[in-house]
Amino acid sequence: MLTIFHGYVPEVWDAYFKAGLISGNDGIRFCQTTRFDDTKKFNKMAAKGSTFYNIVNDLKFPLYVDRLQGGTYIDAYPYDQALVNEYKELLGDNFWGFQMHEWLSNYMSDLKKLNGLYKKDWTVEKIKAHIKKDYPYPFLFLESMTAEEMARYGKPESYEEFYGNMTDVYRKRQKIGELIPVDSALLMYAFEISSGAKRLLPEVGAQTSDARVQICYARGMTRKEGLHFGVYYEPWGRPPRTKEHDYSTGRPECTACCYHREQKNEWGIGGSADFPFHTEGPNGGSSRSLQKRIFLYSYLSGAEFLSEEWGVCNVFYDWKDFELSPYGLVKKYLVDFMNKYPDVGAPVTPIGVIMPGDLPMLENVFKKPLYKPAFPYKSDAYTKVLEGVNELFAKTAPMLGNENITMVNCVYPDALDLLNDGFGDISKYDYLVDLTSDPEFARRHSNICEISDVKNILRRTLPCYVEGDIHWLVNERAGGGYYLTVFNNGGVMRIIEDGEYTLPEADATVTVTFKNGASPVLCEGKANLEKDGDVYRLKVKAGDFAFIKF
Numbered sequence: 001m002l003t004i005f006h007g008y009v010p011e012v013w014d015a016y017f018k019a020g021l022i023s024g025n026d027g028i029r030f031c032q033t034t035r036f037d038d039t040k041k042f043n044k045m046a047a048k049g050s051t052f053y054n055i056v057n058d059l060k061f062p063l064y065v066d067r068l069q070g071g072t073y074i075d076a077y078p079y080d081q082a083l084v085n086e087y088k089e090l091l092g093d094n095f096w097g098f099q100m101h102e103w104l105s106n107y108m109s110d111l112k113k114l115n116g117l118y119k120k121d122w123t124v125e126k127i128k129a130h131i132k133k134d135y136p137y138p139f140l141f142l143e144s145m146t147a148e149e150m151a152r153y154g155k156p157e158s159y160e161e162f163y164g165n166m167t168d169v170y171r172k173r174q175k176i177g178e179l180i181p182v183d184s185a186l187l188m189y190a191f192e193i194s195s196g197a198k199r200l201l202p203e204v205g206a207q208t209s210d211a212r213v214q215i216c217y218a219r220g221m222t223r224k225e226g227l228h229f230g231v232y233y234e235p236w237g238r239p240p241r242t243k244e245h246d247y248s249t250g251r252p253e254c255t256a257c258c259y260h261r262e263q264k265n266e267w268g269i270g271g272s273a274d275f276p277f278h279t280e281g282p283n284g285g286s287s288r289s290l291q292k293r294i295f296l297y298s299y300l301s302g303a304e305f306l307s308e309e310w311g312v313c314n315v316f317y318d319w320k321d322f323e324l325s326p327y328g329l330v331k332k333y334l335v336d337f338m339n340k341y342p343d344v345g346a347p348v349t350p351i352g353v354i355m356p357g358d359l360p361m362l363e364n365v366f367k368k369p370l371y372k373p374a375f376p377y378k379s380d381a382y383t384k385v386l387e388g389v390n391e392l393f394a395k396t397a398p399m400l401g402n403e404n405i406t407m408v409n410c411v412y413p414d415a416l417d418l419l420n421d422g423f424g425d426i427s428k429y430d431y432l433v434d435l436t437s438d439p440e441f442a443r444r445h446s447n448i449c450e451i452s453d454v455k456n457i458l459r460r461t462l463p464c465y466v467e468g469d470i471h472w473l474v475n476e477r478a479g480g481g482y483y484l485t486v487f488n489n490g491g492v493m494r495i496i497e498d499g500e501y502t503l504p505e506a507d508a509t510v511t512v513t514f515k516n517g518a519s520p521v522l523c524e525g526k527a528n529l530e531k532d533g534d535v536y537r538l539k540v541k542a543g544d545f546a547f548i549k550f
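Rendered as structure tokens:
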């Protein structure tokens, strides 16, 4: 069962229970941000004997702090180590530590902000002045390091310096407590696990590309005792203000949805003068269709926990009557879905895709280019990795709509894990795709297959097969039998002035073959399943899904 982490704000905590959002398999996310006054930050809000402390003590839910740094103004907050140790003692393994948010990609974006500042001028004062000139906000808009740290490490002039500087910062942050790394564009799973991380939490949303790469990689890397993965959902996005937006003039602004009628939010942002990105009411950010599919995919992909960025301000319309918003209704749907289908079991993944053991990071940039290449790892070997991962996990059929980089209609079934050699548990796979460029790896394993063989192997080994370019996966039910989930990820339009709608021409019809005389039953989703001779025709509405028991 998926553990859902709920953001703690005193005004809404009891409302989670009344709304049926907390059902016993839950966690607490302590929201920490620079903009709060000290009374709302960890040392005082979570002090021993406080209301928060007593709630944690009573429930003993898993707890972590969102966040130590990243994605917002960096804050060198002096966490009370005695209080941190108190929570470790109180909760044991249920105190998960601190979220280390997009730590390497944030360093890259910070360096972009500092572009034009010469190495000789890399001082605290000039770094601050350079940032303030372009980003005149209430706090210094650095996300990965303080200005003092940035000056001390110096301007990196090579990949080795770039990588070495920030991995050193990561290790130093571990002195505060256990870290939960949240990666998006630069996936550092091998380094993070090697450095002691017990949990990986990829950030998934309209701003991040290829959720399947992020999730299948995290799943493959954590298939080992003591390791876990979850999903961190973010509701940001770049919906155009009108249908007539001229993309030749640039991308639309980055916004978030905020359903709270008074625009209250857990970051204390009042408007565009407070932060580079802002809210646009209920039609900002990404769609509820995408939220629903990400939530369901998280559960069905084998994630063990789910957390949210900006979840508190979006669940309820207000903090008086606590009526669930459309965002909150999606969250409630997930809770009800899990209670109705607790037996989804594990996703069926007979093939492991193996990357080099010494690969420092994977750039998840198949739909969204970075500012510059992050590193020159053995160029031929890395090209093989990128081409193989793109083909198997990210390649899509043409898609309609304007939310087409995250949940996509892949041309290969979602029945593969991704991992580095030496991580995870390679013995769990019947077949291996070798992306290591290591002749010794091929000699050690007799079950290697070519990418060109993957579809035929899956046709032969999976209990059903879907013909058509659409996203689908199979779960083996705990009590026997299977579930097939088919996501039609195309056709969703998100416009600030018009809201959310789907394009009917993006409805998809695919053919499904069920083996061994199975009798499928459509359980959930806007879809239609009809028998046609020896196969079934499945039509799935744009932006929706089909959940089938057989």
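Just so we're aligned: 257 in our numbering is position 257 of the sequence shown, and the numbers increase by one with no gaps anywhere.
Ideal Cβ placement from N, Cα and C applies to all residues, glycine included.
As the structure is a prediction and not an experimental result, all values here were calculated from the model.
- In the assembly as shown, R293 is a buried residue. Its beta-carbon has 16 or more other beta-carbons within 10 Å.
- Under the Cβ criterion (8 Å, minimum of three pairs), the segment 465–476 counts as touching the segment 502–513.
- With the rule of 3 Cβ pairs closer than 8 Å, the segment 487–502 counts as touching the segment 274–284.
- Excluding sequence positions up to five before and after S307, its CB lies within less than 6 Å of the CB of F5, R29 and Y232, all in the same chain and listed in chain order.
- When the Cα atoms are used, A442 and I354 turn out to be separated by approximately 11 Å.
- The segment 316–329 and the segment 4–23 touch, with no fewer than 3 CB-CB distances between them shorter than 8 Å.
- Of the other Cβ atoms in all chains shown, fewer than 16 fall within 10 Å of the Cβ of A478; this residue is therefore exposed.
- CA-CA distance, G422 to L186, rounds to 20 Å.
- In terms of Cβ geometry, V492 and F366 do not form a close pair [threshold 9 Å].
- For V204 against A211, the beta-carbon gap comes to about 5 Å, under 8 Å, which counts as contact.
- By the beta-carbon neighbour count (other beta carbons within 10 angstroms, threshold 16), R171 is exposed.
- Taking a C-beta distance under 9 Å as the contact criterion, V312 and V9 qualify as a contact pair.
- Counting along the chain, the unbroken beta strand (DSSP E) around D66 starts and ends at L63 to Q69.
- Between N364 and T208, the C-beta gap is smaller than 9 Å, which places the two residues in contact.
- DSSP places W267 in no beta strand (DSSP E); its state is neither H nor E.
- Burial state of K41 is buried, judged by a 10 Å Cβ sphere holding 16 or more other Cβ atoms.
- For K541, the closest of L400, G533 and C449 by C-alpha to C-alpha distance is L400.
- Annotation: H6 is outside any alpha helix (DSSP H); the continuous beta strand (DSSP E) that includes it extends over T3 to Y8.
- When the Cα atoms are used, C216 and A415 turn out to be separated by approximately 9 Å.
- Taking each of R223, T279, F275 and H130 in turn and checking the Cα distance to K112, the smallest one comes out for H130.
- In the three-state scheme derived from DSSP, where H, G and I count as helix and E and B as strand, W122 is classed as coil.
- Selection K515, T485, D110 and D534 evaluated against K526 yields T485 as nearest (Cα-Cα).
- With a beta-carbon spacing of about 4 Å, G268 and R35 fall inside the 8 Å limit used to define contacts.
- The criterion of a C-beta distance shorter than 9 Å is not satisfied by T436 and S289.
- Cβ-Cβ distances below 6 Å link S298 to V231 and L306 in the same chain, with the five nearest sequence neighbours on each side left out; the list follows chain order.
- Around the Cβ of E160, a 10 Å sphere holds fewer than 16 other Cβ atoms; the residue is exposed.
- Residue V315 holds the alpha-carbon nearest to the alpha-carbon of C257 among V315, I180, Y536 and A506.
- Residue environment analysis places Y247 among the exposed positions, since fewer than 16 neighbouring C-beta atoms fall within 10 angstroms of its C-beta.
- Within a 10 Å sphere around the beta-carbon of S105 sit 16 or more other beta-carbons, which makes this residue buried.
- Rounded to whole angstroms, the Cβ separation of P360 and F191 is 7 Å, and the two are in contact under 8 Å.
- The residues V169, in chain order, have a CB closer than 8 Å to that of E149 in the same chain once the five nearest residues on each side in sequence are set aside.
- Fully enclosed beta strand (DSSP E) runs of no fewer than 3 residues occupy 416–420 and 431–434 of the segment 401–456, in order along the chain.
- By the Cβ neighbour-count rule, Q81 is exposed, with fewer than 16 other Cβ atoms within 10 Å of its own.
- Residue state for Q174 is assigned as coil, using DSSP reduced to three classes.
- Assignment of N528 by DSSP, reduced to helix, strand and coil, places it in the strand class.
- DSSP, reduced to helix, strand and coil, places C258 outside both helices and strands of the structure shown, so it counts as coil.
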